[in-house]
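**Student:** Here it is: the structure, laid out below.
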Amino acid sequence: MAHIIKLDYIETLGLDQKGKKSKLPKPFIPIVVQYKHSRLWNTFALVDSGADYNLFPGEVSKYFGINLTKGIEVPVYGIGNRSPITAYRHWGIKVRFKEVAIETYADFATEQEYVLLGQNGFFDKFKKVIFNRKNEKLEFVTL
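Quick note on the numbering used here: the sequence shown kicks off at 60 and runs consecutively.
Given below as structure tokens:
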């Protein structure tokens with residue numbers, strides 16, 4: 060039976076419409092990450108409908124004892140025609156939030172500053188992911 064998880068957007072620093080520093084609501088969610096049977100890491104992740112895959116900061120690989128470059132090298136493209144950054148894909152990642160635990164994989168890149176949860180490896184684990192920007196809410200409907 061499907062289960063619905065509702066979360067509020069979290070205010071983070073950003074730029075307003077005039078380019079001035081301001082607090083902006085964004086679809087960040089609190090998560091707990093585990094690699095295989097290692098330590099737990101509590102953090103926040105941006106739920107990013109434009110991200111193809113999960114992308115983690117490269118520094119996090121050290122915390123979990125992952126040899127970053129032993130993963131599969133993958134290019135990560137961003138906005139426009141900028142040169143891709145290099146990331147390394149590792150399996151055995153578990154992402155938990157609320158009552159959900161997802162077995163997945165993540166790309167780790169030294170240039171990345173925060174966790175992105177993307178289409179493949181996160182969104183595809185749900186029946187629906189709903190962004191309600193007006194009310195600053197997220198909904199996840201489980202499979």
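Ideal placement from N, C-alpha and C gives every residue a C-beta, glycine not left out.
Less than 6 Å between C-beta atoms, sequence neighbours within five positions excluded: which residues of the same chain meet that for residue 69?
**Tutor:** By 1-based counting over the sequence shown, the position of residue 69 is 10. Excluding sequence neighbours, residue 69 sits near 87.
**Student:** Return the Cβ separation of residue 178 and residue 110 in integer angstroms, given the expectation that the two are a contact with Cβ distance under 8 Å.
**Tutor:** The residue given as residue 178 occupies position 119 in the sequence shown. The residue given as residue 110 occupies position 51 in the sequence shown. Right, the Cβ-Cβ distance comes to about 7 Å (below 8 Å), so this counts as a contact.
**Student:** What whole-angstrom Cβ distance do residue 90 and residue 198 have, given they're in contact under 8 Å?
**Tutor:** Position 31 of the sequence shown, counted from the first residue, corresponds to residue 90. Position 139 of the sequence shown, counted from the first residue, corresponds to residue 198. Actually they do not touch by this definition, with Cβ atoms about 16 Å apart.
**Student:** Output the residue ranges of the alpha helix (DSSP H) runs that lie fully inside the stretch 109-166 and measure 4 residues or longer, sorted by chain position.
**Tutor:** Runs found: 118-123.
**Student:** Measure the Cβ-Cβ separation of residue 126 and residue 164 and say whether it is below 8 Å.
**Tutor:** Counting from one through the sequence shown, the residue named residue 126 turns up at place 67. Counting from one through the sequence shown, the residue named residue 164 turns up at place 105. Cβ atoms of residue 126 and residue 164: not closer than 8 Å.
**Student:** Taking DSSP as the reference, what is the three-state secondary structure of residue 79?
**Tutor:** Within the sequence shown, the letter at position 20 stands for residue 79. If DSSP states are grouped into helix, strand and coil, residue 79 belongs with coil.
**Student:** Since I believe residue 174 is in contact with residue 123 (beta carbons under 8 Å), could you give me their beta-carbon distance rounded to a whole number of angstroms?
**Tutor:** In the sequence shown, counting from the first residue as 1, residue 123 sits at position 64. In the sequence shown, counting from the first residue as 1, residue 174 sits at position 115. The Cβ separation is near 13 Å, so there is no contact.
**Student:** I'd like the span of the beta strand (DSSP E) that includes residue 89, first residue to last.
**Tutor:** One-based indexing of the sequence shown puts residue 89 at position 30. Run containing residue 89: 87-94, per the beta strand (DSSP E) assignment.
**Student:** Whose C-alpha, out of 137, 120 and 135, is nearest the C-alpha of residue 129?
**Tutor:** Residue mapping note: residue 129 aligns to position 70 of the sequence shown, counting from 1. It is 120.
**Student:** For residue 92 versus residue 154, is the C-beta spacing smaller than 8 Å?
**Tutor:** Along the sequence shown, read from residue 1 onward, the residue named residue 92 stands at position 33. Along the sequence shown, read from residue 1 onward, the residue named residue 154 stands at position 95. Yes.
**Student:** Going by DSSP in three states, residue 107 sits in which element: helix, strand or coil?
**Tutor:** As a first step, residue 107 must be located in the sequence shown, where it is residue number 48. Of the three classes helix, strand and coil, the one that applies to residue 107 here is coil, per DSSP.
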